[in-house]
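Trainee: Protein chains in written order, with our numbering: chain A, 1 to 304; chain B, 305 to 685.
#1: Residues of the region 80-100 of chain A in Cβ contact with chain B at a cutoff of 7 Å, in chain order, please.
#2: Closer than 8 Å, CB to CB, is residue 313(B) near chain A or not?
#3: On the criterion of 16 or more Cβ atoms from any shown chain inside 10 Å, does residue 214(A) qualify as buried, or is it exposed?
#4: State buried or exposed for residue 574(B), treating a residue as buried only when at least 16 other CB atoms are found within 10 Å of its CB.
#5: Since residue 407(B) and residue 469(B) should fall inside the 8 Å C-beta cutoff, what is the C-beta to C-beta distance between them, to a whole number of angstroms?
#6: Determine whether the Cβ of residue 251(A) lies closer than 8 Å to any Cβ atom of chain B.
#7: At the level of alpha carbons, what is the spacing between residue 356(B) and residue 294(A)?
#8: Look at the Cβ atom of residue 566(B), then the Cβ atom of residue 648(B), and state whether they are nearer than 8 Å.
#9: Residues of the region 192-220 of chain A with a CB closer than 7 Å to any CB of chain B: list them in chain order, please.
#10: Please classify residue 675(B) as buried or exposed, where buried requires at least 16 neighbouring CB atoms within 10 angstroms.
#11: State the start and end residues of the unbroken alpha helix (DSSP H) segment that holds residue 370(B).
#12: Return the residues of the region 479-507 of chain B that lie within a Cβ-Cβ distance of less than 9 Å from chain A, sorted by chain order.
#13: What are the start and end residues of the beta strand (DSSP E) that includes residue 541(B)?
#14: Please list, in chain order, the residues of the region 519-550 of chain B that have any C-beta partner in chain A closer than 8 Å.
#15: In whole angstroms, what separates the C-alpha of residue 586(B) from that of residue 669(B)?
#16: Quick check for students: name the residue ranges of the beta strand (DSSP E) that lie wholly in the region 320-360 of chain B, counting only runs of 3 or more.
#17: Is residue 377(B) buried or exposed, if buried means 16 or more other CB atoms sit within 10 Å of its CB?
#18: How far does the alpha helix (DSSP H) with residue 236(A) in it extend, from its first residue to its last?
#19: Please state whether DSSP places residue 215(A) in a helix, a strand or coil.
#20: For residue 299(A), does the three-state DSSP call read helix, strand or coil?
#21: Can you find a CB in chain A that lies within less than 8 Å of the CB of residue 429(B)?
#22: When DSSP labels each residue in this structure, what does residue 272(A) get in the three-state scheme?
#23: With a cut-off of 8 Å on the beta carbons, I'd call residue 607(B) and residue 653(B) a contact; round off their distance for me.
#24: I'd like to check one pair, residue 513(B) with residue 483(B): are the Cβ atoms closer than 8 Å?
#25: Is there a C-beta anywhere in chain A that falls below 8 Å from the one on residue 596(B)?
#26: With distances taken between CB atoms, is the gap from residue 330(B) to residue 388(B) smaller than 8 Å?
#27: Could you check which residue in 275(A), 298(A), 285(A), 289(A) has the C-alpha nearest to that of residue 73(A)?
#28: Mapping the DSSP letters down to three states, classify residue 611(B) as helix, strand or coil.
#29: Give the interface partners of residue 116(A) over in chain B, defined as CB-CB distance under 8 Å, in chain order.
#30: Keeping to the same chain, check which residues put their C-beta closer than 8 Å to that of residue 14(A); ignore five residues upstream and five downstream.
#31: State whether the region 239-246 of chain A contacts the region 40-58 of chain A, with contact taken as three or more CB pairs (one from each stretch) at a distance under 8 Å.
#32: What number of angstroms, rounded off, separates the C-alpha of residue 306(B) from the C-alpha of residue 624(B)?
#33: Residue 666(B) to residue 628(B), Cα distance in whole Å?
#34: Please report the straight-line C-alpha distance between residue 341(B) and residue 684(B), rounded to a whole angstrom.
#35: How would you label residue 461(B), buried or exposed, when you count the other beta carbons within 10 angstroms and need 16 or more for buried?
#36: When Cβ atoms are compared, which residues of the region 221-247 of chain A fall closer than 9 Å to chain B?
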């Protein structure tokens, strides 16, 4: 009889452990492996780096392994402009894309939240509907739309907006189009969630107190939607920095995003240590907004 | 507890006199409001006077909230004119109307502090920072929330939030303060306290208050006049006492307080009153109803006006007899349900003026009911 509460307490603890175990196995352990590789040197071997930890050699093996580690890969990242430019390019694309997503996503979310309640579910579903098709297929479709004799140019020519076809593909514009298209739901849904919770009578109260509608948007709606705006922005910004497929398929080759640089190092140059170092630095760059997000969420939780 | 037992003597003087010498501040002129096929307000006319505490009372869906929202400007009338201070305001948007509303949900801005909420309307007027601060401080003192200015609404209790909402609406010194079920979210005790505070506040400021409520006790306590609404129309507009004691229809008599409604037939008139046949009894009433002998009328009799006795009462105007079949003990009074000899059920309420546990009457006891001629109201509608 008395064992039941103990078992219950234990199982409660075990359930609490699940997310931590998940993070340990699928995040921390792989990250330590990547970190370890980033401290190695490239080698023509299997695996293609040294040193390799020889557990059979006991403590001596560990000593040899530790002595073989170096920061050479990081030094290379620092010495070559290519990497720094890649990081900056990624941050630029992510920042501009997030701003664009906000520009398009906020009105969409606002429109859904103000629609009649029975329509809201359907409209929100329409936003995520493209996800039911493979991401790759949708990006390939954009190649067709954006190419020289693609749909977009045909349309522009037919409507007389341009006289000669515009080069869309392999430009930053194409990357922005692809990213905004792909990430829109990640912006729309969190913003919609906060706007939908908003009490309509707050806007009436603002009007009642002498505030015209347009002003009430800035004084009431926007501040209240801020948590959703921040969540949506981070949900977009963080993965866009590391985005690989969209710039690779739609973008040009003159300046690469960090994901592409990493891919080249890994698959092209077979330089695992540099590729790992890029990944570690990228993670450090992204920890800042994630910590900020975490902080915001905590504040949100404390507020309620 | 019946509504009139807790009615305070407000000492506000006769309203009628004041009404005669002030022109109406608010005039609803043949106002209708349609929502699709639903007629929420039906050709309604009403005048509310300067400095009045007016209550719109009615069951849910009677159109009282729509009327209030029309005053605030959130709804516009489908037909008719809405006049404030002599000017037609039907087309004036809410942010340009000199009225302020206290919302049922309070609608406090969660991202602003108490002072930020109260100062919101003053900032819209473009007042200076110092003046806003001074007026916010004044109104906070008025609602006894001095020192709470820096708090966020979520850090306040329900009663405090209610006072912030009140302060926010009052700080703009509106011509009319609209209150939409202002005490619905408060518990009973706090609600009663707040009702008296609200009356006190209204008397001090002299602002016209229009309150919407479904709680008749609340309307009776706070209001100078009540407009009882039913299905988009005003059933009766009068002082609380008039509505209680002289309802103009069975519906109003039944909606306000507890009542015994007996179908009867007008027999004839006598000096200062009328004779009525009701359940094989001949009843006397002290007023002459607007009906012809032979017409069907209804006798409305409040339970507290019925006296109970164990023997035939001497010299009573109206007497009936029956058997008690149920007793409800409410503390301050007891409600007796009496089955009359012909099967009709009557309710009688007796104040428990002596402190004793045994009830003066018992179930299954045979009793006589009596009331004087001026206690019953004869209704023709």
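Here a beta-carbon is modelled for each residue, glycine too, at the ideal position from N, C-alpha and C. None of the values given here were measured: they were computed from a predicted structure.
Mentor: The answer reads as follows:
#1: Against chain B - using a Cβ distance shorter than 7 Å - the region 80-100 of chain A contributes no residues.
#2: For the purposes of this step, residue 313(B) is identified with residue 9 of the second chain, where counting begins at 1. Annotation note: pLDDT 42 at residue 313(B) (below 50); position unreliable, coordinate value reported separately. Output row for residue 313(B): interface = no.
#3: The residue given as residue 214(A) occupies position 214 in the first chain. Of the other Cβ atoms in all chains shown, fewer than 16 fall within 10 Å of the Cβ of residue 214(A); this residue is therefore exposed.
#4: Reading the second chain from its first residue, position 270 is the one you call residue 574(B). Looking at its Cβ environment, which holds fewer than 16 other Cβ atoms inside 10 Å, residue 574(B) is exposed.
#5: The residue labelled residue 407(B) in the question sits at position 103 within the second chain. The residue labelled residue 469(B) in the question sits at position 165 within the second chain. Contact between residue 407(B) and residue 469(B) is confirmed by a C-beta separation of about 7 Å, below the 8 Å threshold.
#6: Your numbering for residue 251(A) matches position 251 in the first chain. Answer no: the Cβ-Cβ gap between residue 251(A) and chain B never drops below 8 Å.
#7: Translated into the one-based positions of the second chain, residue 356(B) becomes position 52. Translated into the one-based positions of the first chain, residue 294(A) becomes position 294. Cα-Cα distance, rounded: 54 Å.
#8: Numbered from 1 along the second chain, position 262 holds the residue referred to as residue 566(B). Numbered from 1 along the second chain, position 344 holds the residue referred to as residue 648(B). It is a contact, given that the beta carbons lie within the stated cut-off.
#9: The region 192-220 of chain A vs chain B, Cβ under 7 Å: 199, 201, 202, 204, 205, 207, 208, 209, 210, 211, 212, 220.
#10: Start at 1 with the first residue of the second chain, and residue 675(B) comes out as number 371. With a 10 Å radius around the Cβ and a threshold of 16 neighbouring Cβ atoms, residue 675(B) comes out buried.
#11: On the second chain, residue 370(B) is found 66 positions in, with the first residue counted as 1. Residue 370(B): member of the alpha helix (DSSP H) spanning 368-376, first to last residue.
#12: So the list reads 482, given in the order they occur along the chain.
#13: Looking up residue 541(B) in the second chain gives position 237. Run containing residue 541(B): 537-542, per the beta strand (DSSP E) assignment.
#14: Residues passing the 8 Å Cβ filter: none.
#15: Locating residue 586(B) in the second chain gives position 282, counting from the first residue. Locating residue 669(B) in the second chain gives position 365, counting from the first residue. Each residue's alpha carbon lies about 24 Å from the other.
#16: The region 320-360 of chain B is shown to contain whole beta strand (DSSP E) runs of 3 or more residues at 328-339, 342-353, in chain order.
#17: The count along the second chain starts at 1 and reaches residue 377(B) at position 73. Counting Cβ neighbours within 10 Å, residue 377(B) comes out buried, since at least 16 surround it.
#18: Counting from one through the first chain, the residue named residue 236(A) turns up at place 236. Counting along the chain, the unbroken alpha helix (DSSP H) around residue 236(A) starts and ends at 222-241.
#19: Counting from one through the first chain, the residue named residue 215(A) turns up at place 215. DSSP, read as helix, strand or coil, puts residue 215(A) in helix.
#20: Along the first chain, one-based indexing puts residue 299(A) at 299. DSSP, reduced to helix, strand and coil, places residue 299(A) within a helical segment of the structure shown.
#21: The sequence position of residue 429(B) within the second chain is 125, counting from 1. So yes, residue 429(B) belongs to the interface.
#22: As a first step, residue 272(A) is located in the first chain; it is residue number 272 there, counting from the start. Collapsing the DSSP output to three states places residue 272(A) in a helix.
#23: In the second chain, residue 607(B) corresponds to position 303, counting from 1. In the second chain, residue 653(B) corresponds to position 349, counting from 1. A Cβ-Cβ separation of about 4 Å places residue 607(B) in contact with residue 653(B) under the 8 Å criterion.
#24: Translated into positions along the second chain, residue 483(B) becomes position 179. Translated into positions along the second chain, residue 513(B) becomes position 209. One thing to note: residue 483(B) has its Cβ within 8 Å of the Cβ of residue 513(B).
#25: Here residue 596(B) refers to the residue found at position 292 of the second chain. No, residue 596(B) does not count as interfacial toward chain A.
#26: Within the second chain, numbered from 1, the residue matching residue 330(B) stands at position 26. Within the second chain, numbered from 1, the residue matching residue 388(B) stands at position 84. Yes. Within cutoff.
#27: As a first step, residue 73(A) is located in the first chain; it is residue number 73 there, counting from the start. For residue 73(A), the closest of 275(A), 298(A), 285(A), 289(A) by C-alpha to C-alpha distance is 275(A).
#28: Within the second chain, residue 611(B) is the residue found at index 307, counting from 1. Correct three-state label for residue 611(B): strand.
#29: Here residue 116(A) corresponds to residue number 116 of the first chain, with the count starting at 1. What residue 116(A) touches in chain B: nothing, since even the nearest Cβ is about 13 Å away.
#30: As a working note, residue 14(A) is residue 14 in the first chain. Around residue 14(A): no qualifying Cβ.
#31: Contact fails: fewer than three Cβ-Cβ distances are below 8 Å.
#32: Position 2 of the second chain holds residue 306(B). Position 320 of the second chain holds residue 624(B). Annotation note: pLDDT 40 at residue 306(B) (below 50); position unreliable, coordinate value reported separately. For residue 306(B) and residue 624(B), the gap between their C-alpha atoms comes out near 23 Å.
#33: Residue mapping note: residue 666(B) aligns to position 362 of the second chain, counting from 1. Residue mapping note: residue 628(B) aligns to position 324 of the second chain, counting from 1. Straight through space, the alpha carbons of residue 628(B) and residue 666(B) are spaced by roughly 7 Å.
#34: Counted from its first residue, the second chain places residue 341(B) at position 37. Counted from its first residue, the second chain places residue 684(B) at position 380. Distance from the CA atom of residue 341(B) to the CA atom of residue 684(B), rounded to whole angstroms, is 31 Å.
#35: As a working note, residue 461(B) is residue 157 in the second chain. By the Cβ-count criterion, residue 461(B) is exposed, with fewer than 16 other Cβ atoms from all chains shown falling within 10 Å of its own Cβ.
#36: So the list reads 223, 224, 226, given in the order they occur along the chain.
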